[in-house]
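In order, the protein sequence lines correspond to chains W and X.
Residue numbers in the first sequence follow the working numbering, run continuously in steps of one, and reach 225 at the last position.
Residue numbers in the second sequence follow the working numbering, run continuously in steps of one, and reach 822 at the last position.
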Amino acid sequence: MIYDFPDTGAPIRQGDIFSPLPRVEISLEEVVIAAEGGPPRVAKWQDVVATMTDSFNVVVPVRPVSAIVATQDCDAVHSRDITLCEIRGFRDVEGIAKLASSPKSWKNILTQHARINQKWYYLPPDSRVGFSEKMAVDFLVTIRVARVDLEKLRSFRTGRLNSVAEAHFRERIAEFFRRYPYDEWYALDPDELQEYKKNYPDAKPFPWQTEGQPQ
Amino acid sequence: MVSAYTVLVDTTESVQAPTVVSTTIGALPSPPRPVSFFSKAKVAGFAALLLISPVTTMRDPWLLDKQLRDAAVTVSVYRESLGRLVTWSEALQITKQILLQAERERIEYADWDAEWGLQMEEL
Numbered sequence: 011m012i013y014d015f016p017d018t019g020a021p022i023r024q025g026d027i028f029s030p031l032p033r034v035e036i037s038l039e040e041v042v043i044a045a046e047g048g049p050p051r052v053a054k055w056q057d058v059v060a061t062m063t064d065s066f067n068v069v070v071p072v073r074p075v076s077a078i079v080a081t082q083d084c085d086a087v088h089s090r091d092i093t094l095c096e097i098r099g100f101r102d103v104e105g106i107a108k109l110a111s112s113p114k115s116w117k118n119i120l121t122q123h124a125r126i127n128q129k130w131y132y133l134p135p136d137s138r139v140g141f142s143e144k145m146a147v148d149f150l151v152t153i154r155v156a157r158v159d160l161e162k163l164r165s166f167r168t169g170r171l172n173s174v175a176e177a178h179f180r181e182r183i184a185e186f187f188r189r190y191p192y193d194e195w196y197a198l199d200p201d202e203l204q205e206y207k208k209n210y211p212d213a214k215p216f217p218w219q220t221e222g223q224p225q
Numbered sequence: 700m701v702s703a704y705t706v707l708v709d710t711t712e713s714v715q716a717p718t719v720v721s722t723t724i725g726a727l728p729s730p731p732r733p734v735s736f737f738s739k740a741k742v743a744g745f746a747a748l749l750l751i752s753p754v755t756t757m758r759d760p761w762l763l764d765k766q767l768r769d770a771a772v773t774v775s776v777y778r779e780s781l782g783r784l785v786t787w788s789e790a791l792q793i794t795k796q797i798l799l800q801a802e803r804e805r806i807e808y809a810d811w812d813a814e815w816g817l818q819m820e821e822l
């Protein structure tokens with residue numbers, strides 16, 4: 011499919027897929043502090059930092075996951091850290107895919123919907139990469155690892171996006187991080203806004219959308 | 700309150716224990732002398748120095764050290780009252796729940812986002 015398989019010694023590049031890597035979870039509501047020589051404590055983050063002025067140790071859960079390098083190539087060679095995005099099953103990342111079954115519905119999601127929802131990047135199945143089903147890069151879930159550590163684990167690199175896929179991938183990353191929220195109904199006329207509010211009742215009209223309307 | 704007196708006492712060991720051997724060791728004792736005006740003035744001057752010493756602006760290392768010790772005790776008390784103690788078994792159970800909750804919430808968000816966006820029939 012869309013994957014290349016570089017030699018183990020090849021430098022790390024954007025679009026390299028590693029598996030497994032540790033995805034760490036931390037809760038600011040329940041920070042588990044590993045106290046030296048005693049039992050652990052559980053506290054809220056704001057209470058912890060109000061008390062502990064120095065560094066301290068916490069216990070965090072880790073899940074081994076697949077991930078793709080998001081850091082661009084130059085930084086991936088020189089920087090101290092490398093950022094990756096988690097890869098999960100496509101249906102877990104894009105809720106609408108739960109309803110997809112036919113090739114037509116999949117075609118619509120993977121082409122048209124990909125242009126609308128910019129939070130993920132589609133990865134087709136390929137047993138050589140270790141993907142037995144449709145997968146997706148979740149741009150919202152990032153993982154940070156030390157570059158030198160990852161370089162020592164290049165045997166964990168299961169594949170790499172080919173040049174066409176990588177060109178799309180870097181565009182999707184760029185689009186994701188330059189997104190900003192806006193009220194998409196701002197230009198609708200009153201009738202269109204009325205229709206829009208049937209689906210999105212929380213939408214509040216702008217002043218120019220209520221001019222001449224009874225308040 | 701800061702005093703020069705305490706500064707004198709609390710200076711480093713080298714001040715209180717000079718390393719240079721006195722050159723008067725072995726000298727003959729001198730005969731007693733009458734207390735002169737200059738000796739009285741010297742004593743009075745030293746007493747005056749002691750009296751005015753509290754108004755000096757030098758920081759007292761003892762007092763500072765005491766404040767630091769008090770702060771350390773306070774932090775220690777806070778640490779002991781921070782959050783709640785749990786067993787290691789409970790701690791591991793909590794971290795497991797944190798992991799599962801995070802994963803569950805991501806799926807819930809994906810479902811919510813799917814409802815918010817365009818629907819299958821609209822594509």
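Ideal Cβ positions, reconstructed from N, Cα and C, are used throughout, including at glycine.
- Between the segment 186-202 of chain W and the segment 41-58 of chain W there are fewer than three inter-stretch CB-CB distances shorter than 8 Å, so the stretches are not counted as touching.
- Non-local C-beta neighbours of T220/W in its own chain, meaning closer than 8 Å and more than five positions away in sequence, comprise P200, ordered along the chain.
- Under DSSP, A743/X forms no beta bridge with any residue.
- The Cβ-Cβ distance between E35/W and I797/X falls below 7 Å.
- Fewer than three Cβ pairs drawn from the segment 111-129 of chain W and the segment 54-65 of chain W lie within less than 8 Å of each other, which leaves the two stretches out of contact.
- In the three-state DSSP reduction, S65/W falls in the coil class, being neither helix nor strand.
- D102, V103, E104, G105, I106: these are the residues of the segment 94-107 of chain W whose beta carbon lies less than 7 Å from some beta carbon of chain X, given in chain order.
- Taking a cut-off of 8 Å on C-beta distances, the segment 783-795 of chain X does not touch the segment 75-82 of chain W, as fewer than three cross pairs fall below it.
- Between F149/W and the set L94/W, P217/W, W55/W, the nearest pair of CA atoms involves L94/W.
- By the rule that beta-carbons nearer than 7 Å mark a contact, P50/W touches chain X.
- Straight through space, the alpha carbons of R182/W and L784/X are spaced by roughly 45 Å.
- The CB of R783/X comes closer than 9 Å to the CB of R51, V52, A53 in chain W, given here in chain order.
- Under the three-state reduction of DSSP output, F737/X falls in the helix class.
- Scanning chain W for C-beta atoms nearer than 7 Å to the C-beta of A801/X yields E35, reported in chain order.
- Assigned with DSSP and collapsed to three states, Y206/W falls in helix.
- For P71/W, at least one C-beta of chain X is nearer than 7 Å to its own C-beta.
- The beta-carbon of A747/X is placed no less than 7 Å from the nearest beta-carbon of chain W.
- Here the alpha carbon of T18/W sits roughly 55 Å from the alpha carbon of K208/W.
- Among the residues facing chain X, V42/W is included, as its CB has a counterpart in that chain under 7 Å away.
- Fully contained in the segment 39-84 of chain W are the following beta strand (DSSP E) runs of length 3 or more, in chain order: 41-43, 51-53, 72-79.
- From the listed residues W811/X, A813/X, E802/X, W815/X, the smallest Cα separation to R73/W is found for E802/X.
- P32/W is bridged by DSSP to P74/W.
- In the DSSP assignment, A146/W is bridged to R98/W, Y132/W.
- In this structure, the CA atom of L38/W is about 24 Å from the CA atom of D810/X.
- DSSP, reduced to helix, strand and coil, places A813/X within a helical segment of the structure shown.
- The beta carbon of A175/W is closer than 8 Å to those of I12, Y13, G25 in its chain, skipping five residues each way along the sequence.
- Counting only residues of its own chain and dropping the five nearest sequence neighbours on each side, Q128/W has a CB closer than 7 Å to the CB of R182, E185, F186, R189.
- As the crow flies, the alpha-carbon of R805/X is around 8 Å from that of D102/W.
- Ranked by Cα distance from I793/X, the options I27/W, R90/W, V68/W are led by V68/W.
- The DSSP-derived three-state label of G105/W is helix.
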